[in-house]
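Q:
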Amino acid sequence: MIYLDHCATTRPYSEVVTAVSTATAADFWNPSSMYRPAKALDRRRQAALQSLASLLGCQAEELIQTSCATESTNMALKGLFARYGKRLDRIICCASDHDATLATCDYLATHGADIIRLKPRADGRIDPADLVDALNDRTLLVSILHVNNETGVVQDLETLVPLIREHAPKAFIHGDLVQSWSRIRFSLRRLDLDLASFSAHKIHGPKGVGLLYRKAKVLPDPLIHGGGQQKGWRSGTDNWPLLHGMQIAAEIQAESFVQRKAKVNAHRAYLSKELTKLAAVFNFSDTVAEICSVSFPGLRGETILHMLEEEEIYLSTASACQTGSGKVSHVLQACGVPLDRAQGTLRISLDALNTEAELEYLVQTLKAKLEQLRQWQS
2 MIYLDHCATT
12 RPYSEVVTAV
22 STATAADFWN
32 PSSMYRPAKA
42 LDRRRQAALQ
52 SLASLLGCQA
62 EELIQTSCAT
72 ESTNMALKGL
82 FARYGKRLDR
92 IICCASDHDA
102 TLATCDYLAT
112 HGADIIRLKP
122 RADGRIDPAD
132 LVDALNDRTL
142 LVSILHVNNE
152 TGVVQDLETL
162 VPLIREHAPK
172 AFIHGDLVQS
182 WSRIRFSLRR
192 LDLDLASFSA
202 HKIHGPKGVG
212 LLYRKAKVLP
222 DPLIHGGGQQ
232 KGWRSGTDNW
242 PLLHGMQIAA
252 EIQAESFVQR
262 KAKVNAHRAY
272 LSKELTKLAA
282 VFNFSDTVAE
292 ICSVSFPGLR
302 GETILHMLEE
312 EEIYLSTASA
322 CQTGSGKVSH
332 VLQACGVPLD
342 RAQGTLRISL
352 DALNTEAELE
362 YLVQTLKAKL
372 EQLRQWQS
C-alpha cells in the first residue's frame with residue numbers, strides 16, 4: 002500500500018498511538034476534580050499546552066483545545082461576529098479557502114454579516130490591491146488560508162498582515178494554519194495573527210483534537226457553554242489523552258523538521274521531473290513541496306484515481322466532478338484553471354514517511370494507466 006494523501010490525514014506515529022492508549026487507560030482522571038491524582042493530571046495538561054505553545058511561538062494561556070480545526074475556525078469567526086457584529090460586520094476571506102471557512106461565512110451571511118470573497122490570482126495568491134480595496138472601517142475579520150490544502154500555494158502573510166493593520170486597524174486576522182503546521186517554520190508572535198486554527202491529525206497526531214490560538218485580549222464568544230473548563234473558553238471535560246497525543250506528534254515533527262524537509266524536497270524534485278515526462282502539468286509553482294496539484298489535460302482525475310486505487314496507491318483528486326455535470330473543485334475554479342486541466346487534476350500530498358521506491362512505483366504504474374486511458378480515447 003502506498004499512501005499519498007497526507008493533506009487529508011496522516012498515519013499517527015507509533016509513539017502517539019502508545020501515548021494516547023496509555024493515557025486513556027491510566028490517566029482516566031477528570032482534570033477538573035479536586036483530589037491529588039486529578040490535580041497532578043491537570044499539571045501535566047498545562048505542561049503539554051506549554052510545550053505546544055513553545056513550538057508555536059505563543060503563550061500557553063493563548064491556546065484553546067478543540068475537537069478539530071473546523072471547530073477552531075467556527076469559534077474564531079462565529080465568536081467574533083457574536084461579540085462585535087453589530088458595529089463591525091464585514092468578514093473577508095478568499096474564494097479558494099477551505100470549506101470550514103467558506104461554509105461558516107455562508108452561515109454568518111444569513112445573520113447579517115457582509116461577506117467578501119476575494120478572487121485569487123492565477124498563481125493562487127491574494128492580490129494585495131484587492132485586499133486593500135475590500136477593507137473598510139466596518140471590517141471585523143480577515144481570514145487567510147496560509148497554505149492551501151489543494152494547491153499548496155503559500156499566501157504572503159508578511160505582506161498581507163501589515164496591509165490589514167494599516168487599512169483596517171480594528172480588524173482581527175485569523176489564519177488557517179492547518180497545512181502550514183510542520184511544513185513551514187513560523188512563530189505565531191512574528192506572524193502577528195490574532196487567531197489561528199490547527200489540527201493534530203495532519204501532523205501524525207490523533208483525530209478529534211485541534212487548537213485555536215487566541216491572542217491575549219482577543220475575545221470571541223465561546224461556542225460551547227457548560228462547566229467553564231479552559232477558563233470558560235470551551236466547556237466540557239478536558240480530553241487529556243488526545244491533547245497528549247497532539248503534544249507528542251508536534252514534538253516529533255519539530256525535532257525532525259530539517260530531515261523531513263530534505264526528504265520531501267527530494268521527493269518533489271523526482272516527481273516534477275518524472276511526471277513532466279508523462280505530459281503532466283503542475284498547476285502552481287510557489288507551493289510547499291509536500292502538496293502537488295498535477296493535471297493530465299483531457300483525462301478525468303477521478304478515473305486515474307480509481308485506476309491507481311486498484312494497485313493500492315491512494316491519493317486524492319482536486320476535482321469534485323459529478324457525472325455529466327462538468328463541476329470542478331471550487332479552488333481550481335477560483336484560480337481560473339482551465340476546465341480540461343481541472344477535471345484531470347490529482348492532488349499528490351507527500352510526507353517524509355514515503356520512500357523513493359514508492360514514488361518510483363507510482364510513476365511506473367501511472368505511466369501504464371495513462372497509456373491505457375489514452376489508447377481507449379484514440
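Going by the working numbering, the sequence shown opens with residue 2, and the numbers climb by one from there. We put the beta carbon where it would ideally sit given N, CA and C, even for glycine.
1) Note down the Cα distance separating A250 from L351, rounded to an integer number of angstroms.
2) Go through its chain and collect everything with a Cβ distance to V155's Cβ below 6 Å, but skip five positions before and after it.
3) Classify H331 as helix, strand or coil using the three-state DSSP reduction.
4) Considering only C-alpha positions, which residue in the set D90, N240 and Q334 is nearest to T25?
5) Give, in chain order, every unbroken run of the beta strand (DSSP E) that is at least 3 residues long and sits entirely within the stretch 132 to 174.
6) Going by alpha carbons, who is nearest to L357 out of L224, I65, K368 and A270?
7) Return helix, strand or coil for Q60, following the three-state DSSP convention.
8) Hey, P129 and L178: beta-carbon distance below 9 Å or not?
9) Assuming contact is defined by CB atoms lying nearer than 9 Å, are R91 and R139 in contact in what I supplied?
10) How many angstroms separate the CA atom of D43 from the CA atom of K171?
11) In whole angstroms, what separates the C-alpha of G211 from that of L243?
12) Could you compute how far the alpha carbon of T67 sits from the alpha carbon of S73?
13) Counting Cβ pairs, one atom from each stretch, are 3 or more of them under 8 Å apart for the stretch 85 to 105 and the stretch 119 to 128?
14) Quick one: what's S188 bridged to in DSSP?
15) Do P13 and H205 have their C-beta atoms within less than 9 Å of each other?
16) Am I right that L136 and G86 are in contact with their C-beta atoms under 8 Å? What's the rounded C-beta distance?
17) Please list the segments of the beta strand (DSSP E) lying wholly inside the stretch 29 to 99, counting only runs of 3 or more residues, in order along the chain.
18) Rounded to the nearest angstrom, what separates A353 and T304 at their Cα positions?
19) Provide the residue span of the beta strand (DSSP E) that contains S198, from first to last.
20) Suppose the cutoff is 7 Å on Cβ atoms and the five residues either side in sequence are ignored; what does the same chain contact list for W359 look like?
21) State whether the stretch 102 to 116 contacts the stretch 54 to 66, with contact taken as three or more CB pairs (one from each stretch) at a distance under 8 Å.
22) Where does T238 fall in DSSP's three states?
23) So G345 packs on L300, CB below 8 Å; how close in whole Å?
24) Considering only DSSP beta bridges, list what I292 is partnered with.
25) When DSSP labels each residue in this structure, what does G113 get in the three-state scheme?
26) Tell me the DSSP secondary structure of I204 in three-state form.
27) So is T19 buried or exposed if we call it buried at 16+ other beta carbons inside 10 Å?
28) Once the 5 residues before and after A290 are set aside, which same chain residues still bring their CB inside 6 Å of it?
29) If you draw a straight line from the C-alpha of A343 to the C-alpha of A114, how long is it?
30) Using a Cβ-Cβ cut-off of 6 Å (strictly less than) and excluding sequence neighbours within five positions of V364, which residues of its own chain qualify?
31) Please list the terminal residues of the continuous beta strand (DSSP E) segment that includes Y214.
32) Taking DSSP as the reference, what is the three-state secondary structure of F283?
33) Are the beta-carbon atoms of F1 and L213 separated by less than 9 Å?
34) Helix, strand or coil: how does DSSP classify L5 here?
35) Whose CA, out of E252, L309 and V143, lies closest to the CA of Q373?
A: If we stick to the structure as given:
1) 17 Å
2) V148
3) H331: helix per DSSP, three-state reduction.
4) When D90, N240 and Q334 are compared, the shortest CA-CA separation from T25 is found for N240.
5) 140 to 146
6) Residue identity check: residue 357 is Glu in the sequence provided, not Leu. Of the candidates L224, I65, K368 and A270, the one whose C-alpha sits nearest the C-alpha of E357 is A270.
7) coil
8) Result no, Cβ atoms of P129 and L178 do not sit closer than 9 Å.
9) With a cutoff of 9 Å on beta-carbon distance, R91 and R139 are scored as near each other.
10) 36 Å
11) 9 Å
12) 6 Å
13) Per the Cβ contact rule, the stretch 85 to 105 is in contact with the stretch 119 to 128 (3 or more Cβ pairs under 8 Å).
14) The partner list for S188 (beta bridge, DSSP) is empty, contrary to what the question assumes.
15) yes
16) That belief does not hold up - the Cβ atoms of L136 and G86 are roughly 17 Å apart, past 8 Å.
17) 64 to 67 and 91 to 95
18) 27 Å
19) L196 to S200
20) It is worth fixing the name first, because residue 359 is Glu in this sequence and not Trp. Shown here for E359: same chain residues with a beta carbon closer than 7 Å to its own, the five before and five after excluded, namely I3 in chain order.
21) no
22) Looking at T238 - three-state DSSP - the assignment turns out to be coil, as it is neither helix nor strand.
23) With 8 Å as the limit, G345 and L300 qualify as a contact, their Cβ atoms being about 4 Å apart.
24) S350
25) coil
26) coil
27) exposed
28) Once the five neighbours on either side are set aside, the close Cβ partners of A290 are V265, N266 and R269.
29) Answer to the nearest angstrom: the Cα atoms are 32 Å apart.
30) E275
31) Here the beta strand (DSSP E) through Y214 covers G211 to R215.
32) strand
33) No answer is possible for residue 1: it lies beyond the span of the chain, which begins at 2 and ends at 379.
34) coil
35) That would be L309, whose Cα lies nearest to the Cα of Q373.
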